[in-house]
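The structure under discussion appears below in the form of structure tokens.
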Amino acid sequence: MRRLLSVLLAMLLTCATLVVPGHALTGGEVTYDKYSLTVDGRRIVLQSAEFHYFRLPSPELWPDVFEKFRAAGFNAVSLYFSWAYHSPAPGVYDFTGVRDVDRLLRAARQAGLYVIARPGPYINAETTGGGFPAWLKTVPGRARSSEPGYQAAYREWLHRINPIIARHQVSEGGPVLLYNVENEYQVNTDAAYMQDLQDQARADGIDVPITTNDCCDAGSWSSTWASGPGAVQLPGVDDYPQSFECATPDVWGPWGEGLTEKLRDDIPVFAAEYQAGAIDLGNVGYDKCRELTGPAYMKYFYKNNLIQTGATMFSYYMGYGGTNWGWLAQPNDVYTSYDYGAAITEARQLTPKYDEFKRQGYFLESVAPLAKTDAIASPATSGTAALSTTARANPDTGTQFVLLRHTDRAATGTDGTTLDWAAPDGHYRLPAQVKGRDAHVLVAGYDLGGQRLAASTSELLTHAAIGGRDVAVLYGTAGSPGATVLRYASQPSVKVLEGAVRAAYSGGDLRLDYAHEGLARVLVTGGGRRPLLLLIGTDEEAGRFWRASTPTGPVLVRGTELVRSAAVNGDTVRLSADTVAAEVEVFAPPSVRRLRIGQDTARVAAQERDTSGEEEVRVTPTASGSLTGVTRAPAPVRLPELTGWRAHAEAPEAAPGFDDSRWTVADHTTTNSPHPPRTLPVLYADDYGYHYGNLWYRGHFTATGSETRVDLNAITGLRGDYLVWLNGRYLGSAAGGVQADSGDQATPPNPDPGPGHFDIPAGLLKAGKDNVISVLVANMGHNDDWIADDLRFKQPRGLVAASVGATPIAWKIQGTAGQDKVRGPLSTGGLYGERTGWHLPTYPDKSWKAPTALAPGVTWQRTTFRLDLPKGQDVPIGLRFSGDPSPAYRVLIFLNGWNVGQYGGDIGPQREFSLPAGLLDEHGNNTLALAVTAERPTAGPGPLSLFAYGNLRSTR
Ligand code: IPT
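Read in order, the letters of the sequence shown are residues -24 to -1, 1 to 932 in mature numbering (1 follows the signal peptide of the UniProt record, and there is no 0).
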């Protein structure tokens, strides 16, 4: 009986702990005015970042990314939906498994993020076809227009995806806040089409405001179409001021000031896609892209946009980039990794860019008057012309926001000034200093909880009412001077707990003067207000804080690697947090005496995780009223070596006697393609239903005996090639034609499909008999449709011309076998090994032999490894190629049957490949299979090893 009672009691207690929602979203009506969005009558500053679920095919990791967004102060996530990812063929759609977008939207809500839903139909995004399924290339009617063939196709997609989005709208208690039609629709436009997208959405139950992301300058859609058919309710603008030149990260703003235009008087300024990373056009690696778009850039450009234009809606592209696994890449611009140099890396690691998002995000989230501001006169920067100011104020509260930065945005020196500031509470002269390529947003006249912040030349991270007092975190550049003025009815008592802070009181103003060093602590009591604990730190110290809300109010945490959520129960604060061995400090109500880390209150409530592994951290109270303790180190991780490789050559298709009787006959004489065939029959792979990955062709001809040359042209997309055999003899390879055009309408796609002449060696032809040409063509993916031009989007893949003198050839084509229901249409292509399951974990490879040097053609190499990563830790695993990448080969990498990427000298700079948990069994056996296509004899890819991107104790 006592046992039963205690079990019941424990259950009750657990329930009390667990029903705490992570972050509640406000539901209700979504409206807007010229200042901001309003949800259920409450203004919000929208702070969103882009995420592509199709680039993280591991739904169990979606909550991790979303919680990391939320923990940086984002209140929304922007989601493209890829039509291609869901639809292998007309009329066929799949929303299960890794394509379960219901689950995706639930995960966003669970993490407390609103959603900007962007179902295209066109999305660009450097993904194959710009999100268009490849089967659309065979449909008549220009894509991105109202022409009938295209119209029927996109309506089919919208009527599948819209109802899913609709049932997750804010009005239904879900997260979807905005609905984005099309993408940077600016040339070859069609108003009837834009109108129809919106009409279809409304008919499908979309009731939130409809937006579109305009490209880049005033010539784009919503300025031309501000009203009338096709006009969009609440358009936004895309800005990429840093360009994609990752090789030169020090060049500032080559694509302009990056100030988001106000498109109409009745709507807020909406930075629909604001650059937060870059594609690696120059193949220099994403770390350089992260530098190009690093914290300095973020500070200068983002804050400029906030204060100079008064934008209240931001969506940053990308928050997390992910992976172009399978054939997801649009090959002309990107390779396997879509890390993007984002704040959160492909392997879900947080970077210094994340800290800067957090500094800005917490500020936006904490300071409500930011949602409604008008431009005002700004304070003078006395003593220097190097610095300048711009200011805004909230017309209701009078709160002022002053942007202070260098007049020349590219300046690199440090300059100081005294701000001559006519603030709402008085006229202040306060010292400030700005280093080059930085910018500060300073606040005056702000009701900070129970305090009155008259003015400060420190930036405000956040403030929280905790246990009857206010805790505020201010920050500034290490070593720079700062001053903060607070208003009191009478002289308060000031206790400097840590750091060098001078306090002076006069006429109701408490003025604090200091230099930003480490983390100073000042306790202010009396003076007619509730107590205030002021924490004044450097940028770095501010970046170490986490803020989490609980039903009993917010808590602040310092020193963990991440805080996902928190709960306070009686004398215990529980954190769902990621940690290493480090000092941790928690600011919680005074009733709290104990700290437990490791349980995700929100997700346990949703029964999505195991509750074991909580760590009780021994804590002691501090003079600041906080608790400190030391968290445990994660257990070390040892990864197995990759040994025991077995290999097997394939490409039997090259042999003359190979049975191709069941292959598809390629005998079309016409095509819907806007590219007329150069020779007949039409050999375009898409016309025969083969859309992704490698292709085989076999051409039979009765030789006259006088043929001297095989002439072939193939279009593969950038980085592609093709290999040719005649009667089983390898003739060689050639780079595939690309026609990767400039994106500029004036330069039409390059019609040259590349060289392709293969001399026939003497004695190889069999006159009067059947001769066989075998061709293996890489299809690297499909062009996007950025300029709404079918010549670009519908460019064929595969062979586009073939002849052997004037001798007629009978062609057959072969590609992907059936559909992989689990991995979807983009994972496998038409290699023999793929068609027979050599990539699958279950394939019996016992008879395979140890690898040797590779002959031209295709060879598979397989091995298995066992993992048992420590429970309760997050250890993202990668695969590293440490040999010299050679253009002699290209490697498709399969993990447990999933194509996780492509490696090789011609493919890109990438040597490390993320093996995401979910595809990777962290506690079991894993199978790696490599399909190596060699263009010439080669030793093949060098040594391969597993490595860990990080190791944290984690509630992932
Ligand atoms: C803009 C697209 O809207 C987006 O889909 C993606 O392609 C991004 O840029 C680049 O990564 S296109 C704009 C930069 C011209």
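Built from N, CA and C at the ideal position, the CB exists for glycine as well.
Return yes when the C-beta of Ile763 is under 7 Å from any heavy atom of ligand 1, and no when it is not.
-> no
Skipping 5 residues on each side, what residues in its chain have a beta carbon closer than 7 Å to that of Val641?
-> Lys788
Closer than 7 Å: is that where the CB of Ile92 sits relative to any heavy atom of ligand 2?
-> Absence of ligand 2 is noted for the structure shown, with ligand 1 being the only ligands found.
Which residue spans inside the segment 804 to 840 form an unbroken alpha helix (DSSP H) run of at least 4?
-> 808 to 811
Taking the continuous alpha helix (DSSP H) assigned at Pro199, which residues delimit it?
-> It should be noted that the sequence gives Ser, not Pro, for residue 199. Here the alpha helix (DSSP H) through Ser199 covers 197 to 200.
Decide if Glu592 is buried, meaning its Cβ has at least 16 other Cβ atoms within 10 Å, or exposed.
-> exposed
Helix or strand or just coil, what does DSSP make of Pro371?
-> coil
What do you get for Arg842, buried or exposed, if any count of 16 or more other CB atoms within 10 angstroms of its CB means buried?
-> exposed
Between the Cα of Leu775 and the Cα atoms of Leu830, Val686, Trp762, which residue gives the shortest distance?
-> Val686
At which residue ranges does the segment 328 to 407 contain complete alpha helix (DSSP H) runs of 4 or more residues, listed in the order of the chain?
-> 328 to 342
DSSP state of Gln209 mapped onto helix, strand, coil | coil
Rounded separation between Asn281 and Arg413 - CA only | 14 Å
Residue from Ala47, Val74, Ser24 with nearest C-alpha to Val53 = Ser24
Measure the alpha-carbon distance for Asp761 versus Phe42 and round it to whole angstroms.
-> 30 Å
Measure the beta-carbon distance from Arg405 to Leu395 and round it to whole angstroms, keeping in mind my assumption that it falls under 8 Å.
-> 7 Å
N-terminal and C-terminal residue of the beta strand (DSSP E) that Gln325 is part of | Run containing Gln325: none; DSSP gives neither H nor E here.
Going by beta carbon distance, what residues of the same chain come within less than 6 Å of Pro566, once the five residues before and after it are set aside?
-> Gly443
Across which residues does DSSP place Gly574 in a beta bridge pair?
-> Beta-bridge pairing links Gly574 to no other residue.
Mind checking whether the beta-carbon of Cys265 lies closer than 7 Å to any heavy atom of ligand 1?
-> no
Can at least three beta-carbon pairs, one atom from the segment 442 to 457 and one from the segment 503 to 521, be found at a separation below 8 Å?
-> yes
Spatial neighbours of Glu559 in its chain, beta-carbon cut-off 7 Å, leaving aside the 5 residues before and after = Gly535, Thr604, Val606
Work out the CA separation of Met170 and Ser858 for me, nearest whole Å.
-> 49 Å
Pairwise C-alpha distance: Pro95 and His135 = 11 Å
So, is Arg856 buried or exposed, given that buried needs 16 or more other C-beta atoms within 10 angstroms?
-> exposed
Going straight from the alpha carbon of Val549 to that of Pro151, what length do you get?
-> 28 Å
For Tyr673, which residues does DSSP report across the bridge?
-> Val751, Ile789
What do you reckon, is the C-beta of Glu474 under 7 Å from a heavy atom of ligand 1?
-> no
Quick one: measure Cβ to Cβ for Ala168 and Ser122, integer angstroms, because I've assumed they're closer than 8 Å.
-> 4 Å
Taking only the alpha-carbon atoms, compute the straight-line gap between Gln878 and Leu868 and give it to the nearest angstrom.
-> 5 Å
Three CB pairs or more closer than 8 Å across the segment 668 to 688 and the segment 737 to 749 | yes
Helix or strand or just coil, what does DSSP make of His667?
-> coil
Are there 16 or more other CB atoms within 10 angstroms of the CB of Gln17, so buried, or fewer, so exposed?
-> Here residue 17 is Gly; the residue named in the question, Gln, does not match the sequence. Under this definition Gly17 is an exposed residue.
Closer than 7 Å: residue 933 CB and nearest ligand 1 heavy atom = No answer is possible for residue 933: the residues shown for the chain start at -24 and end at 932.
How long is the line joining the alpha carbons of Thr349 and Ala323, rounded to whole angstroms?
-> 38 Å
Identify, in the order they occur along the chain, each residue of the same chain with its Cβ nearer than 6 Å to the Cβ of Pro109, setting aside the five sequence neighbours on each side.
-> Trp59, Ala60, Ser63
Have a look at Asp446 and Gly601 and give me their C-alpha separation to the nearest angstrom.
-> 12 Å
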